[in-house]
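Engineer: Numbering (UniProt numbering), first residue to last: 1 to 275.
Right, dumping it as structure tokens:
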């Protein structure tokens, strides 16, 4: 006998750090679901114990998502509500779950968001950078060549840029951003948001490279890096700066020529000297 109604897939946001940053509806949804699909059950189980939720867990991660989807669709077809969670924050934002959500929608099941914490939004809210228009790039390529190529593609972007980064590559990524966007570009590094050692550093990319390099503690944890977009007229200033620099360098040492060209045109001195 078929169920009176199919189940619903609930996409549930969980805390990014502080365990109390979870809404009442999220807790109730996790309690009412017949099964919770979690990125890492070992990570999610302590949160559920803290919340007093004893709903069974199944794993849904990058390595098993293709095969796990069919079983979860069968649960939905049988009338079971399924909750999808990631290790932290809102599922699918640089986390698994896309294939399950797409398959559930294609099969006609209801997919309902239970909104809550998101590291992207939390970081942007305290960054002090323009937030009316922004783009989220997730994690940059791990290899230096691919990372620099991706950043080069974004050098002319006028919207605020948001990246995730790991402790293993935070310094190298900031250095590559400095090279791609210029040492004087404004940026913010948000580390360990809502956790005990939360820090938010701001300044130019040159400032941030120096601060992070000088403090090993600022190279630990989980990071959201935000970079101001290119200012209107920045390309024009750089082009004019390069033109003036080309004239001056025939008569002056390169460092002095770059300094004067920057003063005359407003172009970044280090970008001129590097060129």
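Idealized CB from N, CA, C, for every residue including glycine.
(1) Are the CB atoms of residue 57 and residue 8 nearer to each other than 9 Å?
(2) From which residue to which residue does the alpha helix (DSSP H) around residue 265 run?
(3) Among the residues of its own chain, which have a CB less than 8 Å from the CB of residue 101, if the five just before and after it don't count?
(4) Any idea what DSSP makes of residue 216, helix, strand or coil?
(5) Threshold first: 4 residues or longer. Then list the alpha helix (DSSP H) segments lying entirely within the segment 94-132, N to C.
(6) Please indicate yes or no: does the CB of residue 213 lie closer than 8 Å to some heavy atom of the ligand SAH?
(7) Measuring CA to CA, which of 157, 90, 251, 243 is closest to residue 229?
(8) Counting C-beta neighbours from all protein chains within 10 Å, is the total for residue 1 16 or more, i.e. buried, or is it exposed?
(9) So is residue 67 buried or exposed if we call it buried at 16+ other beta carbons inside 10 Å?
(10) In whole angstroms, give me the CA-to-CA distance for residue 253 and residue 268.
(11) Please state the DSSP three-state secondary structure of residue 89.
(12) Smallest Cα separation from residue 15: which of 213, 190, 50, 131?
(13) Please name the residue, chosen from 255, 24, 207, that lies closest to residue 114 on a Cα-to-Cα basis.
(14) Starting from the N-terminal side, write out each stretch of the alpha helix (DSSP H) that is 4 residues or longer and does not extend beyond the segment 154-199.
(15) How many angstroms separate the CA atom of residue 266 from the CA atom of residue 206?
(16) Beta-carbon separation of residue 38 and residue 60 under 9 Å?
(17) On the DSSP letters alone, give me the boundaries of the beta strand (DSSP E) that residue 14 sits inside.
(18) Return the CA-CA distance between residue 244 and residue 218, expressed in angstroms with no decimal places.
(19) If you draw a straight line from the alpha carbon of residue 54 to that of residue 88, how long is it in whole angstroms?
(20) If we call anything under 9 Å between Cβ atoms a contact, is residue 141 one with residue 159?
(21) According to the neighbour-count rule (16 or more other Cβ atoms, all chains shown, within 10 Å of its Cβ), is residue 166 buried or exposed?
(22) Here's the rule: buried if 16 or more other CB atoms are within 10 angstroms of the residue's CB, otherwise exposed. What is residue 108?
(23) Go ahead and pull the three-state DSSP assignment for residue 209.
(24) Helix, strand or coil: how does DSSP classify residue 242 here?
Structural biologist: Reading from the atomic positions:
(1) Against the chain shown, residue 57 aligns to sequence position 57. Against the chain shown, residue 8 aligns to sequence position 8. The criterion of a C-beta distance shorter than 9 Å is not satisfied by residue 57 and residue 8.
(2) Counting from one through the chain shown, the residue named residue 265 turns up at place 265. According to the DSSP assignment, residue 265 belongs to the alpha helix (DSSP H) that extends over 254-265.
(3) By 1-based counting over the chain shown, the position of residue 101 is 101. Only 9, 11, 84, 92, 111 meet the Cβ criterion.
(4) Reading the chain shown from its first residue, position 216 is the one you call residue 216. Here residue 216 sits in helix by DSSP.
(5) Listed in chain order, the complete alpha helix (DSSP H) runs (minimum 4 residues) inside the segment 94-132 are 98-106, 119-127.
(6) Summarising the ligand content, the structure contains no ligands, and the ligand SAH is consequently not present.
(7) On the chain shown, residue 229 is found 229 positions in, with the first residue counted as 1. The option with the nearest alpha carbon to residue 229 is 157.
(8) As a working mapping, residue 1 is identified with position 1 in the chain shown. Unreliable positioning characterises residue 1 in this predicted model, as indicated by a pLDDT of 48, which lies under 50. The coordinate reading is nonetheless provided below. Label assigned to residue 1: exposed.
(9) Along the chain shown, read from residue 1 onward, the residue named residue 67 stands at position 67. By the neighbour-count rule (16 or more Cβ atoms within 10 Å), residue 67 is not buried but exposed.
(10) Walking along the chain shown from the start, residue 253 turns up at place 253. Walking along the chain shown from the start, residue 268 turns up at place 268. Those two C-alpha atoms are separated by around 17 Å.
(11) Mapped onto the chain shown, residue 89 falls at position 89. Here residue 89 sits in strand by DSSP.
(12) Your numbering for residue 15 matches position 15 in the chain shown. Closest by alpha carbon: 50.
(13) Looking up residue 114 in the chain shown gives position 114. Ranking 255, 24, 207 by CA distance to the CA of residue 114 puts 24 first.
(14) The qualifying runs are 170-181.
(15) Reading the chain shown from its first residue, position 266 is the one you call residue 266. Reading the chain shown from its first residue, position 206 is the one you call residue 206. C-alpha separation (whole angstroms): 18 Å.
(16) Position 38 of the chain shown holds residue 38. Position 60 of the chain shown holds residue 60. In this structure, the beta-carbon distance from residue 38 to residue 60 falls below 9 Å.
(17) Here residue 14 refers to the residue found at position 14 of the chain shown. From DSSP, residue 14 is part of no beta strand (DSSP E); its letter is neither H nor E.
(18) Start at 1 with the first residue of the chain shown, and residue 244 comes out as number 244. Start at 1 with the first residue of the chain shown, and residue 218 comes out as number 218. Each residue's Cα considered, the two are about 39 Å apart.
(19) Position 54 of the chain shown holds residue 54. Position 88 of the chain shown holds residue 88. C-alpha separation (whole angstroms): 19 Å.
(20) The sequence position of residue 141 within the chain shown is 141, counting from 1. The sequence position of residue 159 within the chain shown is 159, counting from 1. At the C-beta level, residue 141 and residue 159 stay beyond 9 Å of one another.
(21) Position 166 of the chain shown holds residue 166. Residue 166 is exposed by the Cβ-count criterion.
(22) For the purposes of this step, residue 108 is taken as residue 108 along the chain shown, with counting starting at 1. By the 10 Å Cβ count, residue 108 comes out exposed.
(23) Start at 1 with the first residue of the chain shown, and residue 209 comes out as number 209. Residue state, collapsed to three classes: helix.
(24) Counting from one through the chain shown, the residue named residue 242 turns up at place 242. In the structure shown, the three-state DSSP call for residue 242 is helix.
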